[in-house]
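Numbering (this note's numbering), first residue to last: 351 to 739. Ideal Cβ positions, reconstructed from N, Cα and C, are used throughout, including at glycine. Before any comments, here is the structure.
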């Protein structure tokens, strides 16, 4: 397999120069543990996310986007394969393996001529090597550029510098797809960093399921500070794209993998665990200044990426579970564009490190425009964290 991949890369590099491939580039940016409401484009006053806001302003801001699971590793696997977590075996759980038999969209794009790269948190946590992968399913890692973090618990990776290095070294006559995965705002946070950065307790809107006390407000500010760090690197990447002359023809997708690392959010399929921020821009073709209320799942994003790239969907044993919303993106309509999108599906599979002794708490959820239905398959257990009787 490795020899075949090397031969393909050699042949592509040695092929005679042809007209530049006009298909769009893809920049996929995903934060780690961010609920949908926490971006200034959604009107949250305690945070400033100018890069996310720019993508929303110059493209489309989605109000009803949902991750497939409330955990990072299974969400990323579902998105990469375009299949629900219960369809991908061990890859649908946390910190497990990822069967090689499932195709992933970065590989599919690469086979069609795209140049692939990634930085930061890719698919994980988990062991991809044990299943025979030669690289992380999200793509080849660009990780040499580092920086001194502004606060404790922020990753040393200079995400934007790694992207800039990728842009400089890629073949200029081929489209690219790049995965930017931040490790922020994953816990732990530097205690008090939000207040020290100038944020104010009174600007925080505390979710109704959390106690409204100063300690919780300060903890939320620390979490917001790390979202802004993710956004700062995204802003640098947009500048790099413009400098390279690639911004107009790049589809920029910005979202998160699951909800905020607070009780009743991350690791549970309640609203704050699976309702995600999502903004998409493609200046060359997507009308800007739109707010879209259609229900969107991550498996739908997978199908949409392949459609925008003009690549056929996998149709053999493991087809995509999602439905492309390319038509919604290219539309000029506001609000609900496709009334036929009446539900999205979310799930939590077997084990999770967020629970006492990683005990099982499997859930299935169905979200419509009006309701969230959740079925717990072990209702006798506590949802998260508490010792079991």
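Status (buried if at least 16 other CB within 10 Å, exposed otherwise) for residue i
i           : result
residue 512 : buried
residue 418 : buried
residue 363 : Residue placement at residue 363 cannot be trusted, given a pLDDT of 40 that sits under 50; what the coordinates show is reported in the next sentence. Exposed, because fewer than 16 other Cβ atoms sit within 10 Å of the Cβ of residue 363.
residue 723 : exposed
residue 600 : buried
residue 506 : exposed
residue 520 : buried
residue 376 : buried
residue 718 : exposed
residue 368 : Per-residue confidence for residue 368 stands at a pLDDT of 42, beneath the threshold of 50, marking its modelled position as unreliable; the derived number appears in the next sentence. Its Cβ having fewer than 16 others within 10 Å, residue 368 is exposed.
residue 572 : buried
residue 494 : exposed
N-terminal and C-terminal residue of the alpha helix (DSSP H) that residue i is part of
i           : result
residue 575 : 564-593
residue 455 : 455-461
residue 400 : 400-408
residue 423 : 422-431
residue 653 : 648-658
residue 624 : 621-624
residue 543 : 543-546
Residue i: first and last residue of the uninterrupted beta strand (DSSP E) it sits in
i           : result
residue 512 : Where residue 512 is concerned, there is no enclosing beta strand (DSSP E), although the alpha helix (DSSP H) it sits in stretches over 509-519.
residue 555 : Careful: residue 555 lies outside any beta strand (DSSP E) and carries neither H nor E.
residue 527 : 526-531
residue 716 : 713-717
residue 470 : 465-470
residue 504 : Segment: none, residue 504 is in no beta strand (DSSP E) and carries neither H nor E.
residue 731 : Run containing residue 731: none; DSSP gives neither H nor E here.
residue 377 : 375-381
residue 700 : Looking at the DSSP string, residue 700 is not in any beta strand (DSSP E), and its letter there is neither H nor E.
residue 438 : Run containing residue 438: none; DSSP gives neither H nor E here.
residue 640 : 640-642
residue 603 : 600-606
Nearest-angstrom beta carbon gap, residue j and residue i [assumed within contact, 8 Å]
i           : j           : result
residue 415 : residue 678 : Actually they are not in contact, since the Cβ atoms of residue 415 and residue 678 sit about 12 Å apart, beyond 8 Å.
residue 383 : residue 542 : With a Cβ gap of about 19 Å, residue 383 and residue 542 do not count as contacting.
residue 675 : residue 428 : 17 Å between Cβ atoms; not a contact.
residue 644 : residue 688 : 5 Å
residue 467 : residue 531 : Actually they do not touch by this definition, with Cβ atoms about 12 Å apart.
CB contact below 7 Å: residue i versus chain B
i           : result
residue 443 : Going by chain labels, chain B is absent from the structure shown, which holds only one protein chain.
Handout entry: Contact the region 536-556 vs the region 569-577: 3+ CB pairs below 8 Å
Key = Touching, yes.
Practice task
Evaluate contact between the region 418-433 and the region 464-477, counting only Cβ atoms and requiring at least three cross-stretch pairs below 8 Å.
Solution key: Flag = yes, the region 418-433 and the region 464-477 touch.
Handout entry: Segments of 4+ residues assigned as alpha helix (DSSP H) that fall wholly inside the region 664-698
Key = Qualifying alpha helix (DSSP H) stretches, in chain order: 676-680.
Problem - Cβ pair count under 8 Å reaching 3, the region 589-605 against the region 405-415 - result: A contact between stretches requires three or more CB pairs, one per stretch, nearer than 8 Å, and the region 589-605 meets this requirement with the region 405-415.
Exercise for the section: State whether the region 454-472 contacts the region 433-445, with contact taken as three or more CB pairs (one from each stretch) at a distance under 8 Å. Expected result: Between the region 454-472 and the region 433-445, the count of C-beta pairs closer than 8 Å stays below three; the two stretches do not touch.
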